[in-house]
Amino acid sequence: MDHKHRLQTTKLDLSFSETFNQEHVADAYERLLLETMRGIQALFVRRDEVEEAWKWVDSIMDAWKADNEAPKPYQSGTWGPVASVAMITRDGRSWNEFE
């Protein structure tokens, strides 16, 4: 393979009408209603999936409560809170930051 891959930081731009040169792009609810009428269930989550997802989230929230530790705030667009570096360093790991 002769392809070269380079990582770079970029802003997330979700202006689909400009990106795909379309005059009209269905918004989320419009698409949801259309797929409902067509009987397409791909955009829907079953109850058991939701319950399993909440088990996962609840376990994280329980750990925060047990440690008396809240999520650490950090500035949008940064690599995360300073505490995240300490967390992985104690396991002998490090972040690979790309600029």
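Counting in the working numbering, the sequence shown runs from 345 upward without gaps.
Yeah, the Cβ is synthetic: ideal placement off N, Cα and C, and Gly gets one too.
Check: What does a CB cutoff of less than 7 angstroms around lysine 416 pick up in its chain, not counting 5 residues either side in sequence?; Outcome: Pro425 and Ala427
Check: Rounded to the nearest angstrom, what separates glutamate 395 and asparagine 412 at their Cα positions?; Outcome: 25 angstroms
Check: Of the residues Asn440, Arg437, Val429 and Gly421, which one's Cα is nearest the Cα of leucine 356?; Outcome: Gly421
Check: Helix, strand or coil: which one does DSSP assign to aspartate 371?; Outcome: coil
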